[in-house]
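Engineer: Just dropping this structure here.
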Amino acid sequence: MIALPPKLPLDLIRAAVKAGFGLDGEYAPLDGERDQNHRLKAGGRRFVVKLCNPAEGFDIVLCQLQALEHIATVDAALPVPRVWKAKDGALFQRLQHGGTDYPLVVLSWLEGEVVGERELSPAQYRALGGVIGRLNRALRGFIHAAPAARDLVWNTVNAHRLTEHLPLIAKDRQSFVDWALKENARLIAPSVMALPAQIMHADIHPFTLLLDGKGAISGIIDFGEMVHGTRVMELANALADCLVTGHDIEVTIGAMIAGFVRHVALEEEEVALILPLMRSRLALTALVTAARRKADAAVTPQIAALDALSLDMLAAIKDDEFEGVIRYAANFGPKPAARGAKMLQRRLAAMGPRPLLFYKEPLHMVRGEGVWLIAADQRPYLDCYNNVPHVGHANPHVAEAVARQMRVLNTNTRYLTDESIAYAEALKATLDPALDAVIFVNSGSEANDVAYRMAQVWTGATGMLVMDFAYHGVTDASDAMSPSNYPAGKFHKPHVRELPAPDTYRGAWRKDVNDAGARYAALADAEIAALKAAGHGVAISVIDSAFMTNGIIDAPAGYVQGIVARTHAAGGLFVADEVQSGFGRMGPPLWGHQHHGVVPDFVTIGKPAGNGYPVGVIITRSEILDRFVAETGPFFSTFGGGNAACAAGLAVLEVIAREDLAGNAERTGAYLRDGLRGLMAKHPLIGDVRGAGLAVGVELVRDRKTLEPAKEETQIVINRLKDEGVLVGSDGRLGNVLKIRPPLVFTKSHADLAVGALDRVLASI
Ligand code: PMP
Numbered sequence: 001m002i003a004l005p006p007k008l009p010l011d012l013i014r015a016a017v018k019a020g021f022g023l024d025g026e027y028a029p030l031d032g033e034r035d036q037n038h039r040l041k042a043g044g045r046r047f048v049v050k051l052c053n054p055a056e057g058f059d060i061v062l063c064q065l066q067a068l069e070h071i072a073t074v075d076a077a078l079p080v081p082r083v084w085k086a087k088d089g090a091l092f093q094r095l096q097h098g099g100t101d102y103p104l105v106v107l108s109w110l111e112g113e114v115v116g117e118r119e120l121s122p123a124q125y126r127a128l129g130g131v132i133g134r135l136n137r138a139l140r141g142f143i144h145a146a147p148a149a150r151d152l153v154w155n156t157v158n159a160h161r162l163t164e165h166l167p168l169i170a171k172d173r174q175s176f177v178d179w180a181l182k183e184n185a186r187l188i189a190p191s192v193m194a195l196p197a198q199i200m201h202a203d204i205h206p207f208t209l210l211l212d213g214k215g216a217i218s219g220i221i222d223f224g225e226m227v228h229g230t231r232v233m234e235l236a237n238a239l240a241d242c243l244v245t246g247h248d249i250e251v252t253i254g255a256m257i258a259g260f261v262r263h264v265a266l267e268e269e270e271v272a273l274i275l276p277l278m279r280s281r282l283a284l285t286a287l288v289t290a291a292r293r294k295a296d297a298a299v300t301p302q303i304a305a306l307d308a309l310s311l312d313m314l315a316a317i318k319d320d321e322f323e324g325v326i327r328y329a330a331n332f333g334p335k336p337a338a339r340g341a342k343m344l345q346r347r348l349a350a351m352g353p354r355p356l357l358f359y360k361e362p363l364h365m366v367r368g369e370g371v372w373l374i375a376a377d378q379r380p381y382l383d384c385y386n387n388v389p390h391v392g393h394a395n396p397h398v399a400e401a402v403a404r405q406m407r408v409l410n411t412n413t414r415y416l417t418d419e420s421i422a423y424a425e426a427l428k429a430t431l432d433p434a435l436d437a438v439i440f441v442n443s444g445s446e447a448n449d450v451a452y453r454m455a456q457v458w459t460g461a462t463g464m465l466v467m468d469f470a471y472h473g474v475t476d477a478s479d480a481m482s483p484s485n486y487p488a489g490k491f492h493k494p495h496v497r498e499l500p501a502p503d504t505y506r507g508a509w510r511k512d513v514n515d516a517g518a519r520y521a522a523l524a525d526a527e528i529a530a531l532k533a534a535g536h537g538v539a540i541s542v543i544d545s546a547f548m549t550n551g552i553i554d555a556p557a558g559y560v561q562g563i564v565a566r567t568h569a570a571g572g573l574f575v576a577d578e579v580q581s582g583f584g585r586m587g588p589p590l591w592g593h594q595h596h597g598v599v600p601d602f603v604t605i606g607k608p609a610g611n612g613y614p615v616g617v618i619i620t621r622s623e624i625l626d627r628f629v630a631e632t633g634p635f636f637s638t639f640g641g642g643n644a645a646c647a648a649g650l651a652v653l654e655v656i657a658r659e660d661l662a663g664n665a666e667r668t669g670a671y672l673r674d675g676l677r678g679l680m681a682k683h684p685l686i687g688d689v690r691g692a693g694l695a696v697g698v699e700l701v702r703d704r705k706t707l708e709p710a711k712e713e714t715q716i717v718i719n720r721l722k723d724e725g726v727l728v729g730s731d732g733r734l735g736n737v738l739k740i741r742p743p744l745v746f747t748k749s750h751a752d753l754a755v756g757a758l759d760r761v762l763a764s765i
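Mapped onto my numbering, the consecutive letters of the sequence shown carry residue numbers 1 to 765.
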């Protein structure tokens, strides 16, 4: 992909220019990325003598020269070089050397200085956009076969072909480039086929632009990268390359586009591609430069300067902010609100005071893809936190399934519908046959709430046994199940009793105690007795198999079995809350309670079930449902079991099976834990690494002997990990456990990124 400029002796060139073009004088070398260039002073005039790279082929050289001739005819005032024809009237000459034919070209010299890194005024940027627009317009009637056939590495539309060079980019920047390349493949490459295309310069940047003494654009030089491609690429390439750290990006972009569209009226689809193309261009610059450095090939000062910027600028072009600016400048949208849009104030005004926002500086998310969340500044964040997008953010299979279903039918379970039956069958196929009744609701909270209502009817009791620091939802009943919702010490609902967490890291019985499970389970006896004594009895015990809010503790063998046995003995029913632990989160088998070897009376399902489409499910025994309906009347939830919800649920199950995501959770989770444990030797703050599958807890302590919880440090780590581009949460009663719970499409390379980031963050503390 790299063709270095030729290095022929000057004497040869001088002689050839003299013979072919009738010019001779004083030569000085000029930089050139692909060609051997010289400045020639002859007869009081100045020229550029170009010995072109023979790798190009003569037809490309001829095309460039014909394009310059064409421009001179269409818009003679455009500041582009003029072709100095040879004595025989040809546009170029051939110089033979060492068995190779080199095209030799003489162009007029354009006066001025390169723009370089200086910041132009808005009027200058507008004028610059105008010149680019004029150039684009002047070339639109120009035809030549060569640029279309040219397979140029710099063709922005094909940036995704350079993915192989991604490892050459600095680790902390790779995700930006990766995202841009994926966007390129997904969005740009397919869309451009239907858009206006033409031959263009394609490489207008601060080092191919000249300014005269009065600050006017006095030259666009170097037509060596001409391609045939989507028209708007000319503008997008120039925009990307004209961004400079510290300059007002909004002004640069807005003014250049406004200038451009005075001469070329872009179509709306083209305008929509400007930002993606800019990102591709910046990613491309970074990749090509990195590849050249690696190949030890010449990186001209121009390219090096652009490269230094490209990664910064890739991070800086904010989708939501600049989209408005771009649309307005291109005459497609209203004047955008002031930049920086005071999101937080707007949110408070729109939604009322809500203290729950992640991070000291909240993140404004605009997109998701797989394991990535993309913020408004286009920075991709590795999502190690969110378990709703179980099969990946914006999973196309789920999105398609829901969209297709919404276009066909979305009604309720009072009609016979294929989707609800199929989804119920699919869920049941994964569970113990005793669980034969499926009730659809809309959320995990509702599922737990309804399970509790059913249990009250079945048992005649009202009491609940819950883990200390559990979370099960927001409704009256599920909130009562959730000690973690309450400020410390204020949780005292008489019908709810807390079970001490079976924490073998810092609890009463630790890893070295063989029957820790039985001992912790026996603690339930006192709570059951208390519920009975107070007349509540035991309606349910409820456990999240992943013990997520408890700090992702590794419950000792026999613990959950012990609780289930005691619950049943007390006349109660056991609820396996699978909102967090289900769908393969803990690795195979699919459900958390199966890892603990129990058959629950209720399985409650939420969050990941629809990958973001609201889906809640209770699965129980028909006899329990029967009694509930007989005593309380028919049960029906409007949206629960709707066709679209079930289509989402089915699609999620399909992806889990097809991509073996439970298996992946097991393998990647183990790999991730290994990586995290590997950090323990270096970082004493890590006290424990645990969990199952992709439910991973990292407990931070100030002292591995006293286990003093490092709560403040945990918050610092979470915030600094965010700065590193990695999202994690915290949990546990003491607030000192990092909660790593990514979408199940998480791979080992993602695990490496997360471990690397944590390593750097811990080193900084
Ligand atoms: N149970 C568990 C274990 C949960 O983690 C949650 C939500 N985080 C819920 C229930 C409540 O689900 P939802 O927010 O859908 O009501």
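Just so it is clear, CB atoms sit at the ideal spot from N, CA and C, and this is done for glycine as well.
Can you check the segment 409-488 for any alpha helix (DSSP H) of at least 4 residues that lies completely inside it and give the ranges in chain order?
Structural biologist: Here the runs fully enclosed are 418-428, 444-459 and 476-480.
Engineer: What does the Cβ neighbour count give for glycine 340, buried or exposed, with the cut at 16 atoms within 10 Å?
Structural biologist: Residue mapping note: residue 340 aligns to position 340 of the sequence shown, counting from 1. For glycine 340, the predicted structure reports a pLDDT of 44, less than 50, and the residue's modelled location is therefore unreliable. A value from the coordinates is still provided. With fewer than 16 other Cβ atoms within 10 Å, it is exposed.
Engineer: Below 8 angstroms between beta carbons: does that hold for proline 103 and phenylalanine 58?
Structural biologist: Counting from 1 along the sequence shown, the entry for residue 103 is found at position 103. Counting from 1 along the sequence shown, the entry for residue 58 is found at position 58. In this structure, phenylalanine 58 lies closer than 8 angstroms to proline 103 by Cβ.
Engineer: Per DSSP, what kind of secondary structure is arginine 45 in: helix, strand or coil?
Structural biologist: Position 45 of the sequence shown, counted from the start, is the residue given in the question as residue 45. Reduced to three states, the DSSP call for arginine 45 is strand.
Engineer: Using only the heavy atoms of the ligand PMP, determine whether one of them is closer than 7 angstroms to the beta carbon of aspartate 554.
Structural biologist: If you number the sequence shown from 1, residue 554 lands on position 554. Because no heavy atom of the ligand PMP lies under 7 angstroms away, the Cβ of aspartate 554 does not count as near it: no.
Engineer: Quick check: the Cα distance between leucine 734 and alanine 434, rounded to an integer number of angstroms?
Structural biologist: Stepping through the sequence shown from its first residue, residue 734 is reached at position 734. Stepping through the sequence shown from its first residue, residue 434 is reached at position 434. Going by the C-alpha atoms only, they are around 38 angstroms apart.
Engineer: Would the segment 341-352 and the segment 696-713 be scored as touching if the rule is three or more Cβ pairs under 8 angstroms?
Structural biologist: Flag = no, the segment 341-352 and the segment 696-713 do not touch.
Engineer: From Thr208, Gly44, Asp24 and Asp222, pick the residue whose C-alpha is nearest to that of leucine 65; which is it?
Structural biologist: Within the sequence shown, numbered from 1, the residue matching residue 65 stands at position 65. Of Thr208, Gly44, Asp24 and Asp222, the residue nearest in Cα terms is Asp222.
Engineer: In whole angstroms, what is the alpha-carbon distance linking leucine 110 and glycine 219?
Structural biologist: Position 110 of the sequence shown, counting from 1, holds the residue named residue 110. Position 219 of the sequence shown, counting from 1, holds the residue named residue 219. Rounded to whole angstroms, leucine 110 to glycine 219 spans 6 angstroms at the Cα level.
Engineer: My understanding is that isoleucine 624 touches glycine 616, with C-beta atoms under 8 angstroms, so please give their C-beta distance in whole angstroms.
Structural biologist: Indexing the sequence shown from 1 puts residue 624 at position 624. Indexing the sequence shown from 1 puts residue 616 at position 616. Their Cβ separation, rounded to whole angstroms, is 17 angstroms, which puts isoleucine 624 and glycine 616 out of contact at 8 angstroms.
Engineer: Here's the rule: buried if 16 or more other CB atoms are within 10 angstroms of the residue's CB, otherwise exposed. What is tyrosine 415?
Structural biologist: To locate residue 415, count along the sequence shown from 1; it is residue 415. Its Cβ having fewer than 16 others within 10 Å, tyrosine 415 is exposed.
Engineer: Out of curiosity, what's the CA-to-CA distance linking alanine 338 and valine 325?
Structural biologist: In the sequence shown, counting from the first residue as 1, residue 338 sits at position 338. In the sequence shown, counting from the first residue as 1, residue 325 sits at position 325. Confidence at alanine 338 is low in this model, with a pLDDT of 49, below 50, so the placement of that residue should be treated as unreliable; the coordinate-derived value is given next. Answer to the nearest angstrom: the Cα atoms are 10 angstroms apart.
Engineer: Relative to the ligand PMP, is the shortest distance from any of its heavy atoms to the C-beta of histidine 472 smaller than 7 angstroms?
Structural biologist: The residue you call residue 472 lines up with position 472 of the sequence shown. Flag set: Cβ of histidine 472 near the ligand PMP.
Engineer: In terms of residues, what are the limits of the alpha helix (DSSP H) holding glutamate 26?
Structural biologist: Translated into the one-based positions of the sequence shown, residue 26 becomes position 26. Per DSSP, glutamate 26 belongs to no alpha helix (DSSP H); it is in the beta strand (DSSP E), 26-30.
Engineer: Answer yes or no: the CB of methionine 548 versus the heavy atoms of the ligand GDP, is any distance below 7 angstroms?
Structural biologist: As presented, the structure is devoid of the ligand GDP, carrying the ligand PMP as its sole ligands.
Engineer: Ignoring anything shorter than 4 residues, give me the alpha helix (DSSP H) runs that lie fully in the segment 614-651, in order along the chain.
Structural biologist: If we require 4 residues or more, the alpha helix (DSSP H) runs fully inside the segment 614-651 come out as 622-632.
Engineer: Thinking C-beta only, is valine 698 closer than 8 angstroms to leucine 727?
Structural biologist: Your numbering for residue 727 matches position 727 in the sequence shown. Your numbering for residue 698 matches position 698 in the sequence shown. No, the pair does not count as a contact, with Cβ atoms beyond the cut-off.
Engineer: Does the ligand PMP have even one heavy atom less than 7 angstroms from the beta-carbon of valine 579?
Structural biologist: The residue given as residue 579 occupies position 579 in the sequence shown. True, at least one ligand heavy atom lies under 7 angstroms from that Cβ.
Engineer: Between aspartate 436 and serine 443, what straight-line distance do the alpha-carbon atoms span, to the nearest angstrom?
Structural biologist: Taking the first residue of the sequence shown as position 1, residue 436 is located at position 436. Taking the first residue of the sequence shown as position 1, residue 443 is located at position 443. About 20 angstroms.
Engineer: Is the beta carbon of valine 114 sitting closer than 8 angstroms to the one on leucine 187?
Structural biologist: One-based indexing of the sequence shown puts residue 114 at position 114. One-based indexing of the sequence shown puts residue 187 at position 187. Their beta carbons are not under 8 angstroms apart, which means valine 114 does not touch leucine 187 by this criterion.
Engineer: Do arginine 82 and alanine 67 have their CB atoms nearer than 8 angstroms?
Structural biologist: Residue numbering aside, residue 82 sits at position 82 when the sequence shown is read from its first letter. Residue numbering aside, residue 67 sits at position 67 when the sequence shown is read from its first letter. No; because the gap between Cβ atoms is not below 8 angstroms, this pair is not in contact.
Engineer: Examine the ligand PMP and report whether any of its heavy atoms sits within less than 7 angstroms of the Cβ of asparagine 448.
Structural biologist: Your numbering for residue 448 matches position 448 in the sequence shown. At least one heavy atom of the ligand PMP is nearer than 7 angstroms to the Cβ of asparagine 448, so yes.
Engineer: Is any heavy atom of the ligand PMP found at a distance shorter than 7 angstroms from the C-beta of aspartate 544?
Structural biologist: Within the sequence shown, residue 544 is the residue found at index 544, counting from 1. Because some heavy atom of the ligand PMP lies under 7 angstroms away, the Cβ of aspartate 544 counts as near it: yes.
Engineer: Just checking glycine 732 against the ligand PMP - is the residue's beta carbon closer than 7 angstroms to any of the ligand's heavy atoms?
Structural biologist: Taking the sequence shown and counting its residues from 1, the one referred to as residue 732 is at position 732. Not under cutoff, so the answer is no.
Engineer: Taking the beta carbon of lysine 722 as the centre, do at least 16 other beta carbons fall within 10 Å, making it buried, or is it exposed?
Structural biologist: On the sequence shown, position 722 is the one that residue 722 refers to. By the neighbour-count rule (16 or more Cβ atoms within 10 Å), lysine 722 is buried.
Engineer: Report the start-end ranges of each alpha helix (DSSP H) in the segment 163-194 that is 4 residues or longer and not cut off at the edges.
Structural biologist: Segments of the alpha helix (DSSP H) lying fully in the segment 163-194: 171-183.
Engineer: Within 7 angstroms: the Cβ of serine 443 and any heavy atom of the ligand PMP?
Structural biologist: For the purposes of this step, residue 443 is taken as the residue at position 443 of the sequence shown. Checking every heavy atom of the ligand PMP against the Cβ of serine 443, one is found closer than 7 angstroms.
Engineer: Suppose the cutoff is 7 angstroms on Cβ atoms and the five residues either side in sequence are ignored; what does the same chain contact list for threonine 100 look like?
Structural biologist: Within the sequence shown, numbered from 1, the residue matching residue 100 stands at position 100. Correct list, in chain order: Pro54.
Engineer: Taking the alpha carbon of methionine 200 as the point to measure from, which residue in Met454, Gly687 and Arg137 has its own alpha carbon closest?
Structural biologist: Here residue 200 is taken as the residue at index 200 of the sequence shown, counted from 1. When each option's Cα is compared against that of methionine 200, the closest is Arg137.
Engineer: Ends of the alpha helix (DSSP H) at glutamine 594?
Structural biologist: The sequence position of residue 594 within the sequence shown is 594, counting from 1. 592-595 is the span of the alpha helix (DSSP H), which, as asked, contains glutamine 594.
Engineer: What number of angstroms, rounded off, separates the C-alpha of isoleucine 60 from the C-alpha of proline 147?
Structural biologist: Counting from 1 along the sequence shown, the entry for residue 60 is found at position 60. Counting from 1 along the sequence shown, the entry for residue 147 is found at position 147. Taking the straight line joining both Cα atoms gives about 7 angstroms.
Engineer: Which class does lysine 360 belong to by DSSP, given the choice of helix, strand or coil?
Structural biologist: As a first step, residue 360 must be located in the sequence shown, where it is residue number 360. Lysine 360 falls in the coil class under three-state DSSP.
Engineer: Around the C-beta of methionine 193, are 16 or more other C-beta atoms found within 10 angstroms, so that it is buried, or is it exposed?
Structural biologist: For the purposes of this step, residue 193 is identified with residue 193 of the sequence shown, where counting begins at 1. Looking at its Cβ environment, which holds fewer than 16 other Cβ atoms inside 10 Å, methionine 193 is exposed.
Engineer: Given a cut-off of 8 angstroms on the beta-carbon distance, is the pair glycine 229 and valine 157 in contact?
Structural biologist: By one-based count along the sequence shown, residue 229 stands at place 229. By one-based count along the sequence shown, residue 157 stands at place 157. Their beta carbons are under 8 angstroms apart, which means glycine 229 touches valine 157 by this criterion.
Engineer: What is the residue span of the alpha helix (DSSP H) that serine 749 lies within?
Structural biologist: To locate residue 749, count along the sequence shown from 1; it is residue 749. Run containing serine 749: 748-763, per the alpha helix (DSSP H) assignment.
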